[in-house]
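*Asks:*
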Amino acid sequence: MIVGKLKPLPEIVSYISGFKNIFIVGCGSCVTVCLSGGEREVRALERELVNPSLYDNNAPPSISADTFQRQCERDLVKSYLQVPAQTDAILSLACGAGVQTLASVFEKIPVIPALNTSFLGALDEPGTWREKCLGCGDCVLTYTAGVCPIARCAKHLLNGPCGGSSKGKCEVSRDVDCAWHLIVERLKALDRVEDYEKLQSIKDWSQDRGGGPRHHERFANAPFE
Ligand code: SF4
Ligand code: SF4
24 MIVGKLKPLP EIVSYISGFK NIFIVGCGSC VTVCLSGGER EVRALERELV
74 NPSLYDNNAP PSISADTFQR QCERDLVKSY LQVPAQTDAI LSLACGAGVQ
124 TLASVFEKIP VIPALNTSFL GALDEPGTWR EKCLGCGDCV LTYTAGVCPI
174 ARCAKHLLNG PCGGSSKGKC EVSRDVDCAW HLIVERLKAL DRVEDYEKLQ
224 SIKDWSQDRG GGPRHHERFA NAPFE
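Going by the numbering used here, the letters in the sequence shown line up with residues 24 to 248, in that order.
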């Protein structure tokens, strides 16, 4: 899922100061699951932002709020998101894709991000999400026993570990697992440790970001139909 973190309150206040009517919109998908931009967080932020002492003129904007199921779906947003008539800025708690979708639909209303979109991750333990994927476009998990060396190795090494690996930890921090240590351990568990020695063909980086923004067309790659 996409993991985001709420921006610091003073930063959000600096963005919305000067607007009279703010419409806060949460998103009911990834950011709800990672407890940063769902209904609960929308209500909590709404309660905070009406505090006059946060504003230089002691005059908070009037605030209304809602949570929308998927802010990143333009057709849904266009058809179903009802923005109050007097709104002069939208404060979105979605990821960057959701914020940009709202901006493309509501062309005349400023859309302000309330989250910092952080990474593609998974819940490792209650309350802790960790980065797992960088969306490189050419997944190598088959060869790396289901552990991503692009996202989880600090050097993105395709042949590791480097000399900084020690006792299973990465040289960047003793709190960070060495991805290549994890790969080797998992290969052992799968009884495939000989795969570690196999040469892999050069990774196809043409599907990564070098060619500009990527896109996916549903019907261009539908082998099961
Ligand atoms: S190899 Fe690429 S697509 Fe696969 S998990 Fe890693 S970054 Fe994501
Ligand atoms: S210690 Fe492991 S995870 Fe860290 S940079 Fe080296 S190979 Fe990558």
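Where a beta carbon is used, it is the ideal one built from N, C-alpha and C, also for glycine. As the structure is a prediction and not an experimental result, all values here were calculated from the model.
DSSP three-state label for C193, please.
*Replies:* Locating residue 193 in the sequence shown gives position 170, where the first residue counts as 1. Note: C193 maps to strand in three-state DSSP.
*Asks:* Along the chain, which unbroken stretches of the alpha helix (DSSP H) at least 4 residues long are found entirely within the segment 140-180?
*Replies:* Counting whole runs of 4 or more residues, the segment 140-180 contains the alpha helix (DSSP H) stretches 172-175.
*Asks:* With S87 as the anchor, note down where its alpha helix (DSSP H) starts and where it stops.
*Replies:* The residue you call residue 87 lines up with position 64 of the sequence shown. Run containing S87: none in the alpha helix (DSSP H); it sits in the beta strand (DSSP E), 85-91.
*Asks:* Hey, how far is the Cα of C171 from the Cα of E148?
*Replies:* In the sequence shown, the residue the question calls residue 171 occupies position 148. In the sequence shown, the residue the question calls residue 148 occupies position 125. C-alpha separation (whole angstroms): 18 Å.
*Asks:* In chain order, what residues of the same chain lie with their CB nearer than 7 Å to the CB of F42, ignoring the 5 residues before and after it?
*Replies:* Here residue 42 refers to the residue found at position 19 when the sequence shown is read from its first residue. Counting only Cβ-Cβ distances below 7 Å, and skipping sequence neighbours, we find P84, D111, A112.
*Asks:* Using a threshold of 8 Å, state whether the C-beta atoms of K30 and A137 are closer than that.
*Replies:* Taking the first residue of the sequence shown as position 1, residue 30 is located at position 7. Taking the first residue of the sequence shown as position 1, residue 137 is located at position 114. Yes, Cβ-Cβ distance for K30 and A137 is below 8 Å.
*Asks:* Under three-state DSSP, which class holds D200?
*Replies:* Along the sequence shown, read from residue 1 onward, the residue named residue 200 stands at position 177. Looking at D200 - three-state DSSP - the assignment turns out to be strand.
*Asks:* Is the segment 127-136 touching the segment 165-179, taking contact as three or more C-beta pairs under 8 Å?
*Replies:* No, they do not touch.
*Asks:* Name the residue from D200, S102, Y166 whose alpha carbon lies nearest to the alpha carbon of D218.
*Replies:* Residue 218 sits at position 195 when you count from the first residue of the sequence shown. Checking every option, the nearest Cα to that of D218 belongs to Y166.
*Asks:* Determine the direct distance from the alpha carbon of A82 to that of I35, and round the result to whole angstroms.
*Replies:* In the sequence shown, residue 35 corresponds to position 12, counting from 1. In the sequence shown, residue 82 corresponds to position 59, counting from 1. Taking the straight line from one Cα to the other gives about 15 Å.
*Asks:* Give the DSSP-derived three-state secondary structure of F42 in the structure shown.
*Replies:* Working through the sequence shown from its first residue, we reach residue 42 at position 19. Of the three classes helix, strand and coil, the one that applies to F42 here is coil, per DSSP.
*Asks:* I need the straight-line Cα distance from S115 to I86, nearest angstrom please.
*Replies:* Here the question's residue 115 lines up with position 92 in the sequence shown. Here the question's residue 86 lines up with position 63 in the sequence shown. So the two alpha carbons sit approximately 13 Å from each other.
*Asks:* Take the Cβ of L205 as the centre, count every other Cβ of all protein chains shown within 10 Å, and call the residue buried at 16 or more, exposed below.
*Replies:* Taking the sequence shown and counting its residues from 1, the one referred to as residue 205 is at position 182. With 16 or more other Cβ atoms within 10 Å, it is buried.
*Asks:* Is it right to say F46 is buried, meaning 16 or more other beta carbons lie within 10 angstroms of its own, or is it exposed?
*Replies:* Taking the sequence shown and counting its residues from 1, one reaches residue 46 at position 23. The residue in question, F46, is buried, as its Cβ has 16 or more Cβ neighbours within 10 Å.
*Asks:* What do you reckon, are the CB atoms on Q105 and L99 nearer than 8 Å?
*Replies:* Counted from its first residue, the sequence shown places residue 105 at position 82. Counted from its first residue, the sequence shown places residue 99 at position 76. No, the pair does not count as a contact, with Cβ atoms beyond the cut-off.
*Asks:* Counting along the chain, where does the beta strand (DSSP E) carrying K28 start and finish?
*Replies:* Locating residue 28 in the sequence shown gives position 5, counting from the first residue. Counting along the chain, the beta strand (DSSP E) containing K28 begins and ends at 25-29.
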